[in-house]
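Following: one structure in structure tokens, then a few remarks.
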Amino acid sequence: MDIEHKQLAQLLPLLPVLSELGRTQHVTETAELLGMPQSTVSRALARASAVVGTELLIRDGRGVRLTPAAKALLPYIDAALNEFRTGLDLVRHESEVVRGRIAVAFQHTFGEATLPLLINEFHHRHPQTAFDLSQGARDGCLAELAAGTADLALTAPVATAGRSIGSAGLYREPLRLVVHHEHALAGRKTARLEDIRHDPFVAMGHGYGMRSLTDALFREAGFRPRIAFESQDSHTVRGLVSASLGVSILPPGGPAPGRTVTPDTGNLGWVEVPLDSGLAFREIGLAWRERRSGHDAEPDQVRLFREMVLTEGPALLAGLIRARSEG
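Mapped onto the numbering used here, the consecutive letters of the sequence shown carry residue numbers 7 to 333.
Below, the structure is given as structure tokens:
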């Protein structure tokens, strides 16, 4: 190692002290700002002058002033520190993106395919990102988002945007009438709400997105259904319909147990029938907390996932939507 490298190795740890001294022109103030004893700052100043080979600061009463040599050197010191800060920010940025955690609240019906497809695509790009998943009713998902325990929420209907919540629609899927395979409507190409006026209805519980959608459908049809069961899970709803205990309205289930009746399943089985109603659809959307800059700024990994879902999600999910609607 030649003498210049040795001098740099001695001088580099002193650069933050010299930069702050050049700004404050005061040893005591510099020591307080850097969180070190005043004697340490004084020794750093002396060592720096020795390494450079000339005085850098001259005591002037209680303060200090820059020598011509220091004035010439200080811009280079500040430039070097700024370059290092830029590099450090870049490293931290990449580390947060790769190793961060994203908390997502979602409704049960998005757990089979919608959310896994989105996470899988993101993992291809950032494989070390971790996800904290919480599933439940739509109201509960939005409550978690508002409370800050979730970064994002996947819901239907789409959340209403406000001052603290942002939202956007991703895709729309039809709703189907679900009936027992021997029901009178099972062979129909379409059905109206009026056709099930007297049937017992299997509903989702209050607070679930599907409950608000079916309530709106029945309001449009001008009657209230006779609710026989309320459930917190769409699989249970289909099971009750398969047992001929009522009819229901749900998103397309795609290929799934219960669509094919065999001797082993007894008389269990269900059929989906398209509904003749302009409201027979649900719009799935993403919601997020609107954050300010600074301490409450949106983490980079959350921002990247949100941007991917909003810009690429509809195309990623197009095949899934088609398969579930045609299955």
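We treat Cβ as the ideally placed atom computed from N, Cα and C, and that holds for glycine. From a predicted model like this one, the values you see are computed outputs, not experimental measurements.
Could you give the DSSP three-state label for residue i: helix, strand or coil?
i                 : result
phenylalanine 229 : coil
leucine 72        : strand
methionine 216    : helix
proline 22        : helix
histidine 130     : helix
methionine 314    : helix
alanine 234       : strand
valine 308        : helix
threonine 120     : helix
histidine 187     : coil
Which residue's Cα is closest to the Cα of residue i: the options?
i             : options                        : result
arginine 215  : Leu199, Arg288, Gln31, Glu127  : Residue 215 is actually glycine in this sequence, not arginine. Nearest C-alpha to glycine 215: Arg288.
glycine 154   : Val308, Ser283, Leu87          : Val308
leucine 158   : Leu316, Leu322, Ala324         : Leu316
histidine 186 : Gly93, Trp276, Asn88           : Trp276
alanine 52    : Val23, Leu79, Glu38            : Val23
glutamate 226 : Ala119, Ala286, Ala303, Ala149 : Ala286
glycine 117   : Trp294, Arg107, Thr92, Ala143  : Ala143
leucine 322   : His204, Glu127, Pro280, Leu79  : Glu127
proline 81    : Glu313, Leu21, Arg182          : Leu21
Whole angstroms are fine: how far does the CA of residue j sit from the CA of residue i?
i             : j              : result
glutamine 238 : cysteine 147   : 14 Å
glutamine 44  : glutamate 61   : 19 Å
alanine 109   : alanine 54     : 49 Å
arginine 297  : isoleucine 171 : 9 Å
glutamate 38  : glutamate 89   : 24 Å
alanine 293   : arginine 29    : 46 Å
leucine 326   : isoleucine 83  : 57 Å
leucine 79    : histidine 32   : 18 Å
Can you tell me where the beta strand (DSSP E) holding residue i begins and where it ends?
i            : result
glycine 291  : 287 to 295
leucine 199  : First-last for leucine 199: undefined, no H or E at that position.
arginine 107 : 107 to 113
aspartate 66 : 63 to 66
valine 47    : Premise fails: valine 47 lies in the alpha helix (DSSP H), 44 to 58, not in any beta strand (DSSP E).
Would you give the residue range spanned by the alpha helix (DSSP H) that residue i belongs to?
i          : result
serine 170 : That residue, serine 170, is in no alpha helix (DSSP H); it is neither H nor E in DSSP.
Do the region 117 to 132 and the region 73 to 81 touch if we need at least three Cβ pairs shorter than 8 Å? Touching, no.
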